[in-house]
Each structure stands twice: as structure tokens, then as C-alpha cells.
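Below is one structure; the comments refer to it alone.
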Amino acid sequence: MPELPEVETIRRQLEPLVRDAVIVAADSHWSDKFTPALDAVGSTITGIARRGKYLLFQLDDDHELVAHLGMTGSFHLETGNGSDPSCAAHGKHTRAVWAFDDGRHLVFDDTRRFGRLRVVPKGDYGDIATLHQMGPEPLDGDFTGASLHAAIVGRSRSIKTQLLSQRPVAGVGNIYADEALFLAGIDPRARRVGRERCDRLADSVKQVLATGIDNGGTTLRDYVNAEGDEGQNQHALLVYGRGGEPCTNCAEPLSTIVIDARTTTFCRRCQKR
DNA sequence: CCAGCAGCCTGAAAGC
DNA sequence: TGCTTTCAGGCTGCTG
């Protein structure tokens, strides 16, 4: 499940490969989640930005191709496929293909079809609610304990649910939320988190995301980067996916519960409500 | 405005 | 062995 470190890894690999590419044709799966791929035909890619878990392909006509990978989305480049960009000519789960003027194809695969594509005027995210209301980038400096506290104070949902909402901070998903809450010593069910604990949590969020990027992302099931390789951060996880195993801090068996239909693993002794 | 939740998806794994 | 059920979860859109 691509979260910020996985999306950033893909962005870094892809950007130098697609810069200045001219999109001459495209094809997509029939779902209206993917048909906007065709709106990018005729444009030149000038770079790739990222906001939270969204990839933002910059187009030369003052538009952006906004891509969300959902649960199982991945991008890769293929060479030597001629000028036919049909999805059927690629993989079973190919949802979009963009043909470049040099003969290469940018391919978007997404087994479970939770991903989404849109072409919008640059910066115009009014129709993409989560992106429109996205909180600060965690590794850019605007995200602090103070900003986190300001974003959650007065709200009644659990701290984990709020992290996943993308509003207090951009790019945190289920894996890195569990990891950050463990490092900060905060129970994921906590509904009141004061300023001091927000300081610790902000630091933990930055730490787990930066480590995730350094390790090339986390591969538990489907994630592969733009070169088709798995990440290595799964070996650095302290709680996610380790229910029943001893806490690395106190040896108490880690608990697994469900919060908002998401598997949540934490230590009942080390993490406080 | 906010909280809460169903629905979207497929394939692997578990259950019978 | 083979069929059925369960599980994974980010985001959207609806309801109260």
C-alpha cells in the first residue's frame, strides 16, 4: 500500500526518465477512474512533483496529471513497443498507458483498481477533496508539533484516524501511522493528545517517513518501485504486522485491534491513551 | 461542519 | 480436492 515513502521513491526514479517526454497517444481501462489518462495526450511532461501520496506529473500546458496509486498501483516504463498504447497489449492489470514520441510507454498497473487519475489545471484541486485539504508535507518544515496540535485540537476522533485523514499531515497511511504512534508512545485510540505529545508525535512521523524513504519503501504484498523492485523498509518495522510478537521495548506481546476498519498493532504497555 | 460507515476492487489465504 | 469466506485498506460519498 503505497504511502509517502513509496510514492516518493517512485517519483525520484521516474522523474529523470519522463522529463521532456511528449505524450502522443494514450489508452485506459474503461472506468472513469482511469479514462482521464487520455486528457494528457498532446502535452509534454516537464517534471514530477508529489503531495502526500499523490504524484503530480507537470505538463507544459499549465496542467497536471494527478495520479493516486490506491492500494496496488505502480508505474513503470517500457521501451520498444511501437506507437500502439493499448492496455491489452500490456499486463492483465494495466489501467493506463501513455505513448511517448520516442517510442517508450509509461504504464500504470493497478490490480485492485483503487487508484485514480485526473488531469487538472495546475494547482486546481477543488474536485479532489483529499488533495485540496491536504495538510503540510511532513519533511518540508511547516509540519511541527504546534501545527499538529492545532490541527487536531477540538476534534473527537482517535489520533490514528486523524493521522490517516491527511489533514494534520500529508502522506501517512496505515503502516507509518502505527509505527509513528509506537515511537511516540501514544495509544492509537487516544482522543486527546496534548501539545507535548504532539511534539513527540511530529518527530516520530518525520523519523518513520524519512527512514521509509531511505529504505526505498515498505513491501508487504504488492508494492514495487518504478524499476520493479521491492522496498526494504518492511525489515525495519517495529509494530505493523507484528501482532502477538514481543514489543521491542518491553517484551509484552503486541496487540492487534481494528480502528475504522484498519488493522492496528500497538503495545498496550508502552503506548498511553 | 463533523463523525461514522458502506462501497469500491481483486487475489491470496484460510476455512469447510 | 474444490468451493466459499475472509482479509487487505485509501479514498469517496452518503447519512444522521
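Everything in the first sequence is counted per the working numbering, starting at 1086 for the first residue and increasing by one.
Even glycine gets a Cβ: it sits at the ideal position worked out from N, Cα and C.
Could you please give the first and the last residue of the uninterrupted beta strand (DSSP E) stretch that includes residue i?
i, result
"G1143", "Per the sequence shown, the amino acid found at residue 1143 is Gln instead of Gly. From DSSP, the beta strand (DSSP E) with Q1143 extends over 1139 to 1144."
"P1101", "Counting along the chain, P1101 falls outside any beta strand (DSSP E), though it belongs to the alpha helix (DSSP H) covering 1089 to 1103."
"L1202", "1201 to 1206"
"T1349", "1347 to 1351"
"F1160", "1158 to 1163"
"T1196", "Segment: none, T1196 is in no beta strand (DSSP E) and carries neither H nor E."
Thinking residue i and residue j are a contact (beta carbons under 8 Å), I'd like their distance in whole angstroms, please.
i, j, result
"F1253", "L1233", "Correcting the residue type first, residue 1253 is Pro in the shown sequence and not Phe. Yes, P1253 and L1233 are in contact; Cβ-Cβ is about 5 Å, under 8 Å."
"L1140", "I1130", "Not really, about 11 Å apart at Cβ, beyond 8 Å."
"H1190", "W1183", "7 Å"
"C1052", "E1337", "Outside the modelled stretch of the chain, which goes from 1086 to 1358, sits residue 1052, for which no answer is possible."
"T1341", "P1273", "That pair is no contact at about 11 Å."
"Y1308", "G1316", "6 Å"
Spatial neighbours of residue i within its chain, please: C-beta separation below 6 Å, excluding the five flanking residues on both sides.
i, result
"M1219", "R1136, G1137, Q1251, A1255"
"A1275", "I1244, R1358"
"T1094", "G1301, G1302, N1310"
"N1259", "R1347"
For residue i, verify whether its CB is less than 7 Å away from any heavy atom of the ligand ATP.
i, result
"R1354", "The ligand ATP is absent from the structure shown, which contains no ligands of any kind."
If you draw a straight line from the C-alpha of residue i to the C-alpha of residue j, how long is it?
i, j, result
"G1188", "G1165", "6 Å"
"R1096", "V1293", "19 Å"
"V1107", "C1335", "55 Å"
"Q1143", "A1346", "35 Å"
"D1299", "R1277", "32 Å"
"P1223", "K1291", "6 Å"
"G1211", "D1186", "32 Å"
"L1286", "E1163", "41 Å"
"G1226", "L1089", "16 Å"
Apart from the five residues just before and just after residue i, which ones in its own chain have a Cβ nearer than 7 Å to its Cβ?
i, result
"D1284", "G1230"
"V1092", "R1135, K1138, L1140, L1154"
"D1367", "Nothing in the structure corresponds to residue 1367, since the chain is present only between 1086 and 1358."
"S1128", "I1108, L1144, D1145, D1146, H1148"
"A1295", "L1224"
"L1305", "Q1319, G1326"
"A1236", "G1220, R1252, P1253"
Let's see if you can read the secondary structure: which residues bound the alpha helix (DSSP H) around residue i?
i, result
"D1169", "Taken as a continuous stretch (DSSP letters only), D1169 belongs to no alpha helix (DSSP H), as it is neither H nor E."
"I1244", "1244 to 1249"
"T1215", "1214 to 1217"
"L1233", "1230 to 1237"
"G1188", "Unbroken run through G1188: none, as it is neither H nor E."
"I1260", "1259 to 1269"
"A1287", "1280 to 1299"
Within a Cβ cutoff of 8 Å, which residues of the same chain sit near residue i, ignoring the five residues on either side of it in sequence?
i, result
"G1208", "E1149"
"A1181", "A1111, D1112, S1113, H1114, F1119, A1122, C1172, V1192, F1193, L1202"
"G1167", "G1188"
"C1355", "F1267, G1270, C1332, N1334, C1335, E1337"
"L1249", "V1257, G1258, N1259, A1262, D1345, R1347"
Could you tell me whether the region 1196 to 1204 touches the region 1107 to 1122, where touching means 3 or more Cβ pairs closer than 8 Å? yes
Does the region 1257 to 1273 come close enough to the region 1320 to 1336 that 3 or more CB-CB pairs lie under 8 Å? yes
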